[in-house]
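This report refers to the structure that appears directly beneath it.
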Amino acid sequence: MSNLDIQHANKSALLHRVFWRLHFWSGLLTAPIVLFAALTGILYIFTPQIEAWKHAELDKVAQIRAALPLDQQVDAAMTAFPGKQIKSIVPAYVEGETTQVIFGEQRQREKKTANTENSKPNGYEEHQGHQMPEASKAAKVEGIEHSAGSENLIVYVDPGTARIQGSILESGRFRNWARKLHSNMLQGDGWRWIIELGASWMLMMMITGIYLWWPRGKASWRSVLQYSGNNRRVTWRYLHSMLSIVLGLVTLIILLTGLTWAKYAGENFRIVQNAAAQNTPRAPKDLKSVVAINGNSALSIQAVYQQAKNQASDVQMQLTPPKSESGVWKIDNYDRSQPGKRFQLILDAYSGNTLFQSGWEQMPVLSRATAVGIPFHRGEFGLWNQALLVLVGLNVIFSVVSGYVMWLQRRKAGSLSAPKLESKHMRVISWWMWVITLALGVAMPVFGISLLILLLMEVTYLYFQIN
Numbered sequence: 217m218s219n220l221d222i223q224h225a226n227k228s229a230l231l232h233r234v235f236w237r238l239h240f241w242s243g244l245l246t247a248p249i250v251l252f253a254a255l256t257g258i259l260y261i262f263t264p265q266i267e268a269w270k271h272a273e274l275d276k277v278a279q280i281r282a283a284l285p286l287d288q289q290v291d292a293a294m295t296a297f298p299g300k301q302i303k304s305i306v307p308a309y310v311e312g313e314t315t316q317v318i319f320g321e322q323r324q325r326e327k328k329t330a331n332t333e334n335s336k337p338n339g340y341e342e343h344q345g346h347q348m349p350e351a352s353k354a355a356k357v358e359g360i361e362h363s364a365g366s367e368n369l370i371v372y373v374d375p376g377t378a379r380i381q382g383s384i385l386e387s388g389r390f391r392n393w394a395r396k397l398h399s400n401m402l403q404g405d406g407w408r409w410i411i412e413l414g415a416s417w418m419l420m421m422m423i424t425g426i427y428l429w430w431p432r433g434k435a436s437w438r439s440v441l442q443y444s445g446n447n448r449r450v451t452w453r454y455l456h457s458m459l460s461i462v463l464g465l466v467t468l469i470i471l472l473t474g475l476t477w478a479k480y481a482g483e484n485f486r487i488v489q490n491a492a493a494q495n496t497p498r499a500p501k502d503l504k505s506v507v508a509i510n511g512n513s514a515l516s517i518q519a520v521y522q523q524a525k526n527q528a529s530d531v532q533m534q535l536t537p538p539k540s541e542s543g544v545w546k547i548d549n550y551d552r553s554q555p556g557k558r559f560q561l562i563l564d565a566y567s568g569n570t571l572f573q574s575g576w577e578q579m580p581v582l583s584r585a586t587a588v589g590i591p592f593h594r595g596e597f598g599l600w601n602q603a604l605l606v607l608v609g610l611n612v613i614f615s616v617v618s619g620y621v622m623w624l625q626r627r628k629a630g631s632l633s634a635p636k637l638e639s640k641h642m643r644v645i646s647w648w649m650w651v652i653t654l655a656l657g658v659a660m661p662v663f664g665i666s667l668l669i670l671l672l673m674e675v676t677y678l679y680f681q682i683n
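In terms of the working numbering, the sequence shown opens at residue 217 and continues consecutively.
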């Protein structure tokens, strides 16, 4: 072996120790978060089955009848819940489903000058044109204050009889509870960084894990692919690495799609997406309906729905009513499990003319990728998608458990038994590795800050070790 080969082997060994230590710390410190994310993710995957059991009395009707006009269904909901402001409507899409009328939540409050006897419900004004009252007008209604940040109320209507099937706050739906549990531990947006911390460090675990698994020097692929152990520690290591490698691509997709809507990494992703002109086309904010001057009233809800179905007949949709006399109807698809049928439609409230329309064909590549990736992350493509995600989730749990087992097997009493680090190990890190690490830290700020803290701790450790 030449001196050059010896130097290369020594550098490879030193670098291997650096990656091993980074893999060790990332696993030891963030494994509890990763374990929580995997467990709650598996729970969320079963949302369709759990909701079908838990909310059947809301989602399904006992007897199927021909659907009444949407206006009658909405009027029934408004009569049952006066003083509410309609936010959107989700018509029943298949036989046996209920129609959802979603109200923006309002709070009762007392006013010193309140005159509730003469106050009118803060809903559709006399049901004319089914237009939403303006925010300024809504604020003048005595005794009721619209709470913009509070949650919505969903009212379920039997489309065949206009009978109220039931109602529930959005947080009462299992899918919303499970989603918040998975994303912020039910603690609000201020805690989303914790799950983002686990996801970003899990990405680092994958990178360092692949490096540690990759054949080094003259080692053959057979040496890493074939099981050749004769003790439990080798068996644990083989299963720990091979299962993660086999499911690595799917795991990577889940991590990346999750980070695209994380609090801080997601913001950076959207900045890049907008800068690259890869965002989904949006309707101009100044679109208005042409108010009829000949006395014609606004279109009925049923007429608006029919106009939308003429342009997108085979998709479940959500209708958002106008918020003012010159406001417009906004319609988009409600079922995100059909990304190829995504659309947004803006209609004039009086003529029904199309003011804006966009769909899958108008979406750039990156928007299409997220439109497919996010429903995949949530397991919304059917049983095969759910089964694959459960398999990945179980493997993540096994990786955490097996990692701790291997650590305990080699850990000496009274010692952390972390891979040894010396100053010579830091000197073998190439400049391009630092650049990639810096880029990851900028792209994922929570990871970047936590990595900086870890580096400061390592430098401090080396300083005291040398001195």
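From the three backbone atoms N, C-alpha and C, an ideal C-beta is built for every residue, glycine too. Computed from a prediction, not measured in an experiment: that's the story for all the values here.
Check: Distance between HIS641 and SER618 (C-alpha atoms, nearest Å); Outcome: 27 angstroms
Check: Reduced DSSP secondary structure (H/G/I, E/B, other) of THR536; Outcome: strand
Check: Spatially closest choice to ALA293 from VAL250, ILE384, VAL310, by CA coordinates; Outcome: ILE384
Check: Close beta carbons around SER228, own chain, < 8 angstroms, minus the five adjacent residues each side; Outcome: ARG432, GLY433
Check: Local Cβ density within 10 Å of TYR372, reported as buried at 16 or more and exposed below that; Outcome: buried
Check: Inter-residue CB distance, SER505 and TYR427 (contact presumed, cutoff 8 angstroms); Outcome: No, SER505 and TYR427 are not in contact; Cβ-Cβ is about 59 angstroms, not under 8 angstroms.
Check: 8 angstroms Cβ shell around GLU350 - same chain, five flanking residues per side excluded; Outcome: Note on GLU350: pLDDT 35, under 50, position unreliable in the model; the coordinate value appears next. Counting only Cβ-Cβ distances below 8 angstroms, and skipping sequence neighbours, we find LYS539, SER540.
Check: Bridge partners - THR315, DSSP secondary structure assignment; Outcome: VAL373
Check: Inter-stretch contact at 8 angstroms, needing at least 3 Cβ pairs: the region 375-384 / the region 300-315; Outcome: yes
Check: Paired residues, beta bridge with LEU563 - DSSP; Outcome: TRP545, THR570
Check: Where the alpha helix (DSSP H) containing LEU607 begins and where it ends; Outcome: 599-626
Check: THR570, buried or exposed, once every other Cβ within 10 Å from all chains shown has been counted against 16; Outcome: exposed
Check: Closest by C-alpha distance to ARG281, when choosing among THR314, SER444, ILE669, VAL675; Outcome: THR314
Check: Assigned secondary structure, GLY575 (DSSP; H/G/I helix, E/B strand, else coil); Outcome: strand
Check: Every unbroken beta strand (DSSP E) within the region 384-464, with a cutoff of 3 residues, ordered by chain; Outcome: none
Check: Counterpart residues of ILE302 in DSSP-defined beta bridges; Outcome: PHE319
Check: Cβ pair SER615, SER460 closer than 8 angstroms; Outcome: yes
Check: Beta-carbon spacing of GLY595, LEU605 below 8 angstroms; Outcome: yes
Check: Close-in-space but distant-in-sequence residues of the same chain around TRP430 (CB under 8 angstroms, 5 per side omitted); Outcome: VAL440
Check: Residues that DSSP places opposite LYS276 in a beta bridge; Outcome: GLU313
Check: C-alpha distance - THR473 paired with HIS593, whole-angstrom precision; Outcome: 7 angstroms
Check: Reduced DSSP secondary structure (H/G/I, E/B, other) of ALA659; Outcome: helix
Check: Contacts around PRO635, its chain only, beta-carbon distance under 8 angstroms, and the 5 residues preceding and following it disregarded; Outcome: ARG233, TRP236, ARG237, PHE240
Check: Contact check, LEU582 vs SER639, beta carbons under 8 angstroms; Outcome: no
Check: Residues that DSSP places opposite GLY382 in a beta bridge; Outcome: TYR372
Check: Nearest-angstrom beta carbon gap, ILE469 and GLY589 [assumed within contact, 8 angstroms]; Outcome: 6 angstroms
Check: C-beta atoms of SER666 and LEU413 nearer than 8 angstroms; Outcome: yes
Check: Inter-residue CB distance, VAL290 and ILE517 (contact presumed, cutoff 8 angstroms); Outcome: 6 angstroms
Check: CA nearest to the CA of ASP530, picked from GLN522, SER631, THR536; Outcome: GLN522
Check: Close beta carbons around GLN578, own chain, < 6 angstroms, minus the five adjacent residues each side; Outcome: PRO497
Check: MET533 beta carbon less than 8 angstroms from that of GLY519; Outcome: Looking at the sequence shown, residue 519 is not Gly but Ala. Contact flag unset, no.
Check: Contact under 8 angstroms by Cβ, GLU267 with ARG391; Outcome: yes
Check: Residue span of the alpha helix (DSSP H) that contains HIS641, given as start and end; Outcome: 639-643
Check: C-alpha distance - LEU286 paired with LEU515, whole-angstrom precision; Outcome: 12 angstroms
Check: Terminal residues of the alpha helix (DSSP H) in which ARG594 lies; Outcome: Premise fails: ARG594 is in no alpha helix (DSSP H) and is neither H nor E.
Check: Straight-line gap, THR536 to LEU563 (C-alpha atoms, nearest Å); Outcome: 11 angstroms
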